[in-house]
């Protein structure tokens with residue numbers, strides 16, 4: 141890989157101009173809502189009553205300044221990063237260090253429609269465990285390019301998954317962790333990018349953990365044992381068949397957003413950028429359907445959506461990664477399907493399965509992606525596991541890197557306990 145160049149991280153504080161807040165409130169006050177078919181509930185998308193309720197709260201009761209103060213209580217930075225062939229970008233990230241000097245450096249990678257906000261509940265569990273025998277982590281949580289307060293390059297198409305992985309490694313390099321080594325955790329796009337970072341930087345990325353295990357049916361000429369196991373599993377297991385039916389339902393009823401963002405993200409972008417109610421409805425649908433009966437409060441939803449509404453590049457920029465992954469160009473470019481089919485031979489891979497994840501695929505299919513060292517199934521949790529069930533996801537990391545875990549001591553000198 142060509143070298144990624146970085147500058148020195150600088151402390152950062154969010155400061156949304158008053159004019160932006162006033163503009164948002166004006167648009168919310170003058171919002172026009174569509175009609176709704178009686179009894180449709182969630183079958184056609186975000187229900188009218190829910191969107192009106194949250195939009196009213198956003199306008200009348202929500203205080204961005206209060207949320208901003210809370211977000212600014214975390215140690216935030218920006219750093220200039222330049223990847224080969226592209227202009228320098230200013231990338232935002234949280235860097236929460238543990239008090240334990242030998243804590244394990246952990247790169248947390250979010251996806252869509254999330255942000256670094258997802259990791260906040262998990263930070264104290266990872267950085268400050270009460271049990272001295274439980275591993276601690278130094279957590280780095282960047283905002284992907286075009287998300288939250290990170291810059292996105294608009295000079296030309298082609299800023300794909302490869303460049304995203306380079307940026308993420310660049311953040312760890314700027315923090316000094318490229319030399320010590322680090323581990324990764326991610327869901328949604330983070331699940332793809334964690335593996336891509338491990339492919340490009342195996343000397344630095346020592347292990348991968350994801351709660352978004354997406355893998356295809358094994359090819360017999362590449363993974364004959366996994367292929368035979370997959371055939372037997374489909375023939376005999378009702379659990380496997382139920383999981384595949386769940387996955388098929390997503391592809392038949394739940395992936396409309398994917399096709400739009402894969403192909404015409406710019407068209408969608410006008411609505412997401414100009415209409416806060418449109419942005420709310422687009423993302424809230426996913427928060428509700430993709431979580432596992434999580435009891436979202438209006439405050440949580442408004443904080444989540446406001447990060448998009450006030451983001452540096454605007455909410456549309458977050459969708460460009462879909463188009464780019466669906467139209468990979470340039471030397472070494474990789475699309476979403478390329479990453480799913482990718483085999484990374486020398487970096488341990490751990491998978492956490494939550495019941496309301498978008499895809500529920502057989503365990504044995506994953507072995508085509510690399511050396512699986514841990515696979516755990518949970519009874520509760522959905523797509524946003526770090527936010528919904530932070531104790532479970534943190535516990536899975538502790539098990540993996542803790543005493544007797546499959547990856548204990550994998551980062552030299554940084555065991556975490």
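Numbering (this note's numbering), first residue to last: 141 to 557. Just so you know, even glycine gets a beta-carbon here, dropped at the ideal spot from N, CA and C.
State the beta-bridge partners of residue i as determined by DSSP.
i           : result
residue 217 : 151, 233
residue 282 : 233
residue 326 : 249, 350
residue 345 : 322
residue 222 : 145
residue 244 : 277
Could you check what DSSP says for residue i in three-state terms: helix, strand or coil?
i           : result
residue 183 : coil
residue 509 : coil
residue 303 : helix
residue 493 : strand
residue 457 : helix
residue 352 : coil
residue 357 : coil
residue 296 : coil
residue 339 : helix
residue 146 : strand
residue 557 : coil
residue 167 : helix
residue 332 : helix
residue 270 : coil
residue 259 : helix
residue 552 : coil
Excluding the 5 residues preceding and the 5 following residue i in the sequence, name in chain order all residues of the same chain whose CB lies nearer than 8 Å to its CB.
i           : result
residue 445 : 198, 416, 419, 420, 423, 424
residue 312 : 245, 247, 280, 318, 322, 344
residue 449 : 164, 416, 419, 455
Looking only at its own chain, which residues have a Cβ that is under 7 Å from the Cβ of residue i, when we skip the five neighbours before and after it?
i           : result
residue 573 : Outside the shown range of the chain (141 to 557) lies residue 573, about which nothing can therefore be said.
residue 510 : 483, 484, 485, 487, 489
residue 552 : 321
residue 171 : 195, 417
residue 409 : 456, 459
residue 303 : 223, 226
Leaving aside the five residues before and after residue i along the sequence, list all residues of the same chain whose C-beta is less than 6 Å from its C-beta, in chain order.
i           : result
residue 547 : 347, 488, 540, 541
residue 167 : 416
residue 443 : 207
residue 161 : 204
residue 338 : 345, 348, 484, 487
residue 290 : 231, 232, 283
residue 453 : 286, 292
residue 211 : 154
residue 310 : 144, 146, 221
residue 515 : 491, 503
Exercise for the section: Scan the stretch 375-453 and note each continuous alpha helix (DSSP H) run of 4 residues or more that stays entirely inside, going in chain order. Expected result: Listed in chain order, they are 378-389, 396-403, 405-414, 416-430, 438-449.
Practice task
Could you tell me which uninterrupted alpha helix (DSSP H) segments, each at least 4 residues in length, are contained entirely in the stretch 496-549, listed from first to last along the chain?
Solution key: 525-528, 530-541
Exercise for the section: Could you say if the stretch 523-537 and the stretch 294-310 meet the contact criterion of at least three C-beta pairs nearer than 8 Å? Expected result: Cβ pair count under 8 Å is below three, so no.
Handout entry: the stretch 209-216 in contact with the stretch 145-161 per 3-pair CB rule at 8 Å
Key = Touching, yes, given that three or more Cβ pairs across the two stretches are closer than 8 Å.
Exercise for the section: Taking 8 Å as the threshold, find out whether the stretch 229-238 comes into contact with the stretch 491-504 through three or more Cβ pairs. Expected result: No, because fewer than three Cβ pairs between the stretch 229-238 and the stretch 491-504 fall closer than 8 Å, the two stretches do not touch.
Exercise for the section: Inspect the CB distances between the stretch 538-545 and the stretch 267-287 and report whether three or more fall short of 8 Å. Expected result: yes
Practice task
May I ask you to verify whether the stretch 480-496 touches the stretch 342-356, counting CB pairs closer than 8 Å and requiring at least 3?
Solution key: The stretch 480-496 is in contact with the stretch 342-356.
Exercise for the section: Could you tell me whether the stretch 398-417 touches the stretch 460-472, using the rule of 3 or more Cβ pairs below 8 Å? Expected result: Three or more beta-carbon pairs separated by less than 8 Å link the stretch 398-417 to the stretch 460-472, which places the two stretches in contact.
Exercise for the section: Flag this pair as touching only if the stretch 258-274 and the stretch 236-243 have three or more C-beta atom pairs under 8 Å; answer yes or no. Expected result: yes
Practice task
Pair every Cβ in the stretch 508-527 with every Cβ in the stretch 376-385, then say whether three or more of these pairs are closer than 8 Å.
Solution key: no
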